[in-house]
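Novice:
2 protein chains.
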Amino acid sequence: MKTLYVELGERSYPIHIGPGLLRRTDLLQPAIHGRQVMIVTNETIAPLYLESTQQGLAGFEVRSVILPDGEQYKNLDTLNRIFDALLEHRFNRKCTLVALGGGVIGDLAGFAAASYQRGVDFIQIPTTLLAQVDSSVGGKTGVNHRLGKNMIGAFHQPNCVLADTDTLSTLDDRQLAAGLAEIIKYGLIRDADFFNWLEQNMDLLTARDTDALIFAVARSCLNKAEVVAADERESGQRALLNLGHTFGHAIETGMGYGAWLHGEAIATGMLLAAQLSARQGWLEPGEVDRIGHLLARAGLPTRIPGDMSTQQFLDLMAVDKKVMDSGLRLVLLEAIGAAVVTDAFDPEQLRATLDAAHEE
Amino acid sequence: MKTLYVELGERSYPIHIGPGLLRRTDLLQPAIHGRQVMIVTNETIAPLYLESTQQGLAGFEVRSVILPDGEQYKNLDTLNRIFDALLEHRFNRKCTLVALGGGVIGDLAGFAAASYQRGVDFIQIPTTLLAQVDSSVGGKTGVNHRLGKNMIGAFHQPNCVLADTDTLSTLDDRQLAAGLAEIIKYGLIRDADFFNWLEQNMDLLTARDTDALIFAVARSCLNKAEVVAADERESGQRALLNLGHTFGHAIETGMGYGAWLHGEAIATGMLLAAQLSARQGWLEPGEVDRIGHLLARAGLPTRIPGDMSTQQFLDLMAVDKKVMDSGLRLVLLEAIGAAVVTDAFDPEQLRATLDAAHEE
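Line by line, the protein sequences give chains A and B.
Counting from 1, one number per residue, gives the positions in the first sequence under the UniProt record's numbering.
Counting from 1, one number per residue, gives the positions in the second sequence under the UniProt record's numbering.
#1: Can you name the residues that DSSP bridges to B/Y116?
#2: For B/L330, report the span of its beta strand (DSSP E) as first-last.
#3: Where DSSP assigns a beta bridge to A/F122, which residues make up the other side?
#4: Which residues mark the beginning and the end of the beta strand (DSSP E) in which B/S135 is found?
#5: Closest to B/L328 by C-alpha separation, out of B/A335, B/I82, B/L316, would be which residue?
#6: Taking Cβ-Cβ distances below 8 Å as the criterion, which residues of the stretch 17-34 of chain B are in contact with chain A?
#7: Please identify the residue among B/G102, B/G110, B/S169 whose C-alpha is closest to the C-alpha of B/A131.
#8: Does any C-beta atom of chain A lie closer than 7 Å to the C-beta of B/F345?
#9: With a CB to CB cut of under 6 Å and the five nearest residues on each side skipped, what residues in its chain are close to B/T25?
#10: Between A/K156 and A/L129, what straight-line distance do the alpha-carbon atoms span, to the nearest angstrom?
#11: Would you list the residues sitting across from A/W260 in a DSSP beta bridge?
#12: B/E348 touches chain A at which residues, Cβ-Cβ below 9 Å?
#13: With 7 Å as the C-beta to C-beta threshold (strictly closer), list the residues of the stretch 71-82 of chain A near chain B in chain order.
#14: Counting along the chain, where does the beta strand (DSSP E) carrying B/I189 start and finish?
#15: Counting only Cβ-Cβ distances shorter than 7 Å, please list the residues of the stretch 141-169 of chain B near chain A, keeping chain order.
#16: Please report how far the alpha carbon of B/N75 lies from the alpha carbon of A/D77, in whole angstroms.
#17: Is the beta carbon of B/L87 sitting closer than 7 Å to the one on A/H245?
#18: Expressed to the nearest angstrom, what Euclidean distance is found between the alpha-carbon atoms of A/I15 and A/S220?
#19: Name the DSSP bridge partner or partners of B/V62?
#20: Between B/S12 and chain A, is there a C-beta pair that is closer than 7 Å?
#21: Across which residues does DSSP place A/L314 in a beta bridge pair?
#22: Could you name the residues of the stretch 179-205 of chain A whose beta carbon sits closer than 8 Å to any beta carbon of chain B, in the order they occur along the chain?
#23: When you compare only the Cα positions, how much space is there between A/T165 and A/P126?
#24: When you compare the CB positions of A/A192 and A/G337, do they come within less than 7 Å of one another, or not?
#25: In chain A, what lies closer than 8 Å to B/Q237 by C-beta?
#26: Just checking: is the beta-carbon of B/L67 within a distance shorter than 7 Å of some beta-carbon in chain A?
#27: Could you check where the alpha helix (DSSP H) with A/A296 kicks off and where it finishes?
#28: For B/L205, does the three-state DSSP call read helix, strand or coil?
#29: Taking the beta carbon of B/D346 as the centre, do at least 16 other beta carbons fall within 10 Å, making it buried, or is it exposed?
#30: Would you check if there are 3 or more beta carbon pairs closer than 8 Å linking the stretch 346-355 of chain A to the stretch 276-292 of chain A?
#31: From A/L27 to A/G20, what does the alpha carbon distance come to, in whole angstroms?
#32: Which stretch, first to last residue, makes up the alpha helix (DSSP H) that contains B/A163?
#33: For A/M308, which residues in the same chain have their Cβ closer than 6 Å to its Cβ, ignoring the five residues on either side in sequence?
#34: Between which two residues does the beta strand (DSSP E) containing A/I15 stretch?
#35: Quick check on DSSP: helix, strand or coil for A/I266?
#36: Roughly how many angstroms separate the alpha carbons of A/D172 and A/R208, rounded to a whole number?
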């Protein structure tokens with residue numbers, strides 16, 4: 001097991017990474033300050049891991065709420081089901097919510113914890129690779145609105161994160177690849193050594209080797225934690241974490257939510273960012289090839305869907321949340337391991353990049 | 001006009017109190033950092049004050065959302081109507097929400113501002129006396145759940161509060177009295193000089209004299225601001241602000257929400273707290289009489305409704321939110337101007353106090 005700490009002053013917390021953590025009462029107990037614990041999970045995860053988690057919480061008053069599985073349920077109505085459960089069991093302000101599941105469960109349970117009685121304690125047990133490397137660090141919680149993703153939410157830090165690598169054994173290959181996309185992202189934006197390591201160890205990761213997964217999850221969380229600690233409220237450096245996201249959101253919206261996994265869309269988006277960076281002369285063509293090759297080895301798509309036109313893609317990029325704030329700014333690459341946020345790119349090069357990147 | 005400042009470090013903000021403030025662009029402008037402003041108000045207030053408020057916001061992109069009026073609409077569904085309006089008009093993270101109305105509007109708009117895109121700017125324009133002295137200081141926002149009041153919410157500080165005393169001219173007498181109950185509360189818990197002033201000036205207040213209202217609102221906000229600045233997250237001193245509330249919530253719940261106004265229930269609750277304090281020997285009987293007399297002059301009820309039994313009252317006190325946390329603790333008085341939070345009272349004296357306080 002590896003443990004790292006997200007340093008946020010009073011609200012600092014540990015991330016434990018390794019196999020067999022669900023039952024580790026010794027890790028959970030220090031993060032719980034009252035007696036009442038509500039496990040928030042979904043219909044897919046509950047049969048697999050709810051019982052083990054309950055065992056790890058022996059001695060507390062443990063209740064659970066089992067939500068439907070899927071991004072389409074990440075809304076205020078589902079959030080209210082968590083409040084129903086908390087109030088039906090008369091949970092008080094000292095209670096703790098445990099998010100057991102992927103990113104959707106983490107976002108829902110985290111926002112419920114942020115808002116229940118104006119804020120209660122919260123533990124993350126992410127069960128997907130994506131959630132282990134992404135939503136377990138940073139404190140972003142929230143739900144979707146029919147007019148936009150993640151439009152309603154709060155910053156709320158967990159007391160503790162348990163990333164149990166055993167739970168990755170039940171992930172399907174697409175979900176695993178989606179997590180690898182985020183892992184590759186950390187190498188691209190600020191950690192060239194890690195990118196090199198990923199090139200050497202991608203086969204171990206896709207084979208779900210425990211030690212390789214622990215290293216990759218820990219190194220990713222460390223990178224994200226460093227960024228977040230420097231910039232908790234997302235203004236400067238934190239924006240680099242959005243590498244590939246403006247491109248990726250266009251694919252997710254254009255194809256309909258759920259057709260592409262978020263990580264898949266981000267993978268293609270990161271390669272588009274690299275290709276645009278190369279057209280601007282900021283990145284070597286050989287580096288673009290390395291990025292595309294690594295994404296492909298992880299099992300990720302790297303081309304724009306054939307039924308999305310370049311103009312549709314550009315239109316969708318223009319309505320992205322981050323664009324609404326400040327015009328079209330993109331995260332681009334000056335090297336593998338060095339990203340910048342910029343609007344100093346040539347729109348014609350952007351169009352040419354998109355034209356060239358469509359599926360055959 | 002008087003201006004006082006709530007000191008909360010980075011999140012400090014001014015409260016301006018006086019007549020004719022709605023149109024004061026010079027006061028609003030420094031509190032707005034983007035271009036987009038959403039006025040959140042209700043069907044009662046909009047015909048009276050929406051146009052003036054829009055005039056005060058000339059030069060900004062101003063939209064408004066008009067909600068139904070009443071505590072029964074303080075829920076997640078109504079909250080979502082604010083998000084609908086924000087997203088339909090593509091409001092970005094630099095937008096500002098303006099709460100124009102009483103406490104319900106302030107709580108709804110404040111929670112919407114806390115959660116929209118994980119937090120945007122917020123201005124309070126409270127139009128009831130109660131909201132001017134209570135919800136404009138402290139940063140509490142939120143909505144009700146069918147199983148409990150104010151169970152879902154956030155702490156979110158406004159950038160600025162405009163308490164326009166002209167808006168009090170359209171309040172009905174019961175609403176005015178409900179605000180006076182909270183004002184008297186500040187005298188009781190920590191400001192004996194203010195209590196004396198209220199005894200000398202109650203007739204001016206019920207006659208809605210502008211200067212008297214400005215003084216009373218400012219002195220109340222100052223008292224609350226001092227408490228909140230010392231204890232932003234409600235643990236110690238802030239609990240004193242709940243004088244009369246455990247008793248009052250029992251009346252509100254027992255009579256059905258809306259039958260008694262919150263301030264009316266708190267008034268009776270404060271007198272019950274004073275009577276229990278006297279039975280414990282902590283308060284002089286003459287002081288209890290002064291409190292009862294002042295509440296009556298303000299037009300407030302001071303007896304328990306005849307159709308609530310003492311046992312029903314005790315049962316309802318036991319399910320109050322604050323009781324769920326830590327057993328039955330009450331705010332009691334050691335003198336006018338000196339309150340304490342305590343569980344060191346004799347339950348038989350509590351019962352006797354309730355028995356004696358029923359309507360004839």
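Every residue, glycine too, gets a C-beta built ideally from N, C-alpha and C.
This structure is a prediction, so every number in the text was calculated from the model and none was measured.
Specialist: A quick look at the data gives this:
#1: Note: B/Y116 sits in a beta bridge opposite A/I152.
#2: Taken as a continuous stretch (DSSP letters only), the beta strand (DSSP E) holding B/L330 covers 330-335.
#3: A/L97
#4: Premise fails: B/S135 is in no beta strand (DSSP E) and is neither H nor E.
#5: Comparing Cα-Cα distances from B/L328 to each of B/A335, B/I82, B/L316, the minimum goes to B/L316.
#6: none
#7: B/G102
#8: B/F345 is outside the set of residues whose beta carbon lies under 7 Å from a beta carbon in chain A.
#9: Result list for B/T25: G56, in chain order.
#10: Residue identity differs from the one stated: residue 156 of chain A is His in this sequence, not Lys. Each residue's alpha carbon lies about 21 Å from the other.
#11: A/Y257
#12: Here the premise fails: no neighbours, minimum Cβ distance about 27 Å.
#13: L76, N80
#14: Note, B/I189: premise wrong, no beta strand (DSSP E); alpha helix (DSSP H) at 173-190.
#15: G142, H145, L147, G148, M151, I152, G153, A154, F155
#16: 12 Å
#17: no
#18: 12 Å
#19: B/V37
#20: no
#21: According to DSSP, which records beta bridges pairwise, A/L314 is partnered with nothing at all.
#22: none
#23: When rounded, the separation of the alpha-carbon atoms in A/T165 and A/P126 is 9 Å.
#24: yes
#25: Within chain A, no C-beta atom comes nearer than 8 Å to that of B/Q237; the closest sits roughly 17 Å away.
#26: no
#27: Looking at the DSSP string, the run of the alpha helix (DSSP H) that includes A/A296 is 285-297.
#28: helix
#29: exposed
#30: yes
#31: 11 Å
#32: Boundaries for B/A163: no alpha helix (DSSP H) harbours it, while the beta strand (DSSP E) harbouring it runs 160-164, taken from the DSSP string.
#33: G254
#34: 13-18
#35: For A/I266, the secondary structure class from DSSP, reduced to helix, strand or coil, is helix.
#36: 11 Å
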